[in-house]
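Reading the sequence shown from the start, the letters are residues 0 to 317 in numbering that gives the first Met the number 0.
C-beta atoms are modelled at their ideal positions from N, C-alpha and C, and glycine is treated no differently.
What follows is one structure encoded as structure tokens, with my remarks underneath.
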Amino acid sequence: MTTGPETPVLARHAHDRLAHRRDDAEWVARAWDDPASRVLVLSENGLVAVGADRLPLLAAPGDVAVPGDRILLGAADGTVFFAWFTEVGALSREQTEGWLGLRDLAVVLDDLHVGLLTAAVALQAWHQRHTHCPNCGHPTDLAQAGWTRWCPNDKSSHFPRTDPAVIMLVLDDQDRALLGRNGAWPPGRMSVLAGFVEAGESAESAVAREVLEEVGIGVREVRYFASQPHPFPASLMLGFTARADGDPELKSDGEEIAEAGWFTRDEVRRAADWGDLLVDPTPAELELQPLHALPPAMSIARQMIEAWLAGHLVAANG
Ligand SMILES: [Zn+2]
């Protein structure tokens with residue numbers, strides 16, 4: 000698969016992950032000693048060291064001679080990239096201009112750097128939460144250049160886990176989109192519905208179950224859209240479109256979803272990016288129009304909404 004203009008922001012990439020090199024400790028050590036290799040330095044709280052341009056610092060391996068874990072991320076155009084998991088205090092003021100998160104950087108990074116940083120953040124979150132063997136409880140060691148963990152007690156390998164979540168743009172027969180407000184968000188901010196896939200459940204079933212649980216309606220024509228990693232800490236967002244089936248009257252669960260509604264393309268087009276919403280709408284404005292802001296460009300929710308507005312969704316024409 001190649002990255003295209005409609006690829007979700009965090010699904011972009013432009014590097015070879017070099018999976019065939021992960022077991023070759025000699026090759027990895029040589030690549031680390033090569034001054035042409037580059038290193039993304041991550042702090043213990045998932046932030047990446049940035050340079051004067053506020054973009055990820057691409058340090059040479061020799062410049063990060065501080066304690067940390069070394070992860071082989073891959074290569075592009077002959078340059079090998081590593082991640083280095085260390086602490087905020089490990090780099091001097093001369094070495095870095097500061098630390099930023101993937102959420103701050105995602106939309107300004109090019110395909111190569113967003114791909115490298117997303118993988119690094121996902122791996123770090125996994126290593127931090129999986130320090131012990133789930134079979135026997137013994138501490139595990141980082142292995143395969145950072146892509147597995149190894150239990151020396153029962154000789155088992157453990158792989159980075161990814162938790163599937165579904166996110167769905169539901170349309171009705173009048174080509175309106177179902178948007179809801181999570182109870183934790185301020186009034187005016189809405190998005191498509193989402194939820195985790197449960198144990199022993201298909202993604203399509205999870206779409207139907209979540210919509211029924213959150214707003215009390217049925218769906219049909221559940222169709223896959225695209226996916227993007229959401230490494231906060233370990234989700235993979237699986238995007239779907241679906242069509243409302245049966246009675247379209249919404250009954251918000253009042254817990255996860257505080258309110259929900261059907262919105263026309265014009266109403267959705269008028270809503271801002273919620274990062275751009277400088278002043279929260281007044282109660283009178285909310286009475287007239289409950290939708291004022293959409294999720295940020297980094298989200299697959301926003302990608303799905305934009306694809307619908309542009310007329311690129313099959314279900315929208317169905
Ligand atoms: Zn074990």
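* Cβ distance (whole Å) where I299 is taken to contact P7 below 8 Å -> As a working mapping, residue 299 is identified with position 300 in the sequence shown. As a working mapping, residue 7 is identified with position 8 in the sequence shown. With a Cβ gap of about 5 Å, I299 and P7 count as contacting.
* Nearest to S156 (by Cα), restricted to the options P289, E197, R175 and H131 -> Translated into the one-based positions of the sequence shown, residue 156 becomes position 157. S156 has its Cα closest to that of H131, out of P289, E197, R175 and H131.
* To do: Can you tell me the Cβ-Cβ gap for V120 and G3, rounded? I've got them flagged as a contact below 8 Å.
  => Walking along the sequence shown from the start, residue 120 turns up at place 121. Walking along the sequence shown from the start, residue 3 turns up at place 4. Contact flag wrong, Cβ pair sits at about 23 Å.
* Over the uninterrupted beta strand (DSSP E) stretch that includes V218, give me the two end residues. => Counting from 1 along the sequence shown, the entry for residue 218 is found at position 219. Residues G217 to H229.
* **Every unbroken beta strand (DSSP E) inside the region 160-206 [3 residues or more]** => 162-170, 176-181 and 192-195
* Out of V206, G182, I166 and G199, state which residue places its alpha-carbon closest to the alpha-carbon of R301. => By one-based count along the sequence shown, residue 301 stands at place 302. When only C-alpha atoms are compared, the closest one is I166.
* Within 6 Å of ligand 1: residues by beta-carbon to any heavy atom -> C132, N134, C135, H137, C150, N152, D153 and S155
* Mind checking which residues open and close the beta strand (DSSP E) that includes M297? => Residue 297 sits at position 298 when you count from the first residue of the sequence shown. It is not in any beta strand (DSSP E) - M297 carries neither H nor E in the DSSP assignment.
* Asked: Name the DSSP beta bridge partners of E258, please?
  -> On the sequence shown, residue 258 is found 259 positions in, with the first residue counted as 1. DSSP lists R180 as partners of E258.
* To do: Kindly indicate the opening and closing residues of the alpha helix (DSSP H) around A118.
  => Working through the sequence shown from its first residue, we reach residue 118 at position 119. From DSSP, the alpha helix (DSSP H) with A118 extends over D110 to R128.
* Distance, Cα to Cα, L276 vs M297? -> Translated into the one-based positions of the sequence shown, residue 276 becomes position 277. Translated into the one-based positions of the sequence shown, residue 297 becomes position 298. Looking at the two C-alpha atoms, the distance is approximately 16 Å.
* Top-ranked residue by Cα proximity to L192, from L57, E200 and I216 -> Along the sequence shown, read from residue 1 onward, the residue named residue 192 stands at position 193. Checking every option, the nearest Cα to that of L192 belongs to I216.
* Which term fits T263, buried or exposed, when burial requires 16 or more other beta carbons within 10 angstroms of its beta carbon? -> Here residue 263 refers to the residue found at position 264 when the sequence shown is read from its first residue. Per the 10 Å Cβ criterion, exposed.
* At what residues does the beta strand (DSSP E) containing W83 begin and finish? -> Mapped onto the sequence shown, residue 83 falls at position 84. W83 -> beta strand (DSSP E) spans T78 to F84.
* To which residues of the same chain is W146 closer than 6 Å at the C-beta, ignoring the five residues directly before and after it? -> To locate residue 146, count along the sequence shown from 1; it is residue 147. The answer, listed in chain order, is R21.
* Using the Cα positions of E86 and D244, report the straight-line distance between them to the nearest angstrom. => Counting from one through the sequence shown, the residue named residue 86 turns up at place 87. Counting from one through the sequence shown, the residue named residue 244 turns up at place 245. Whole-angstrom Cα-Cα distance: 51 Å.
* Between which two residues does the alpha helix (DSSP H) harbouring V27 extend? -> Looking up residue 27 in the sequence shown gives position 28. A24 to D32 is the extent of the alpha helix (DSSP H) around V27.
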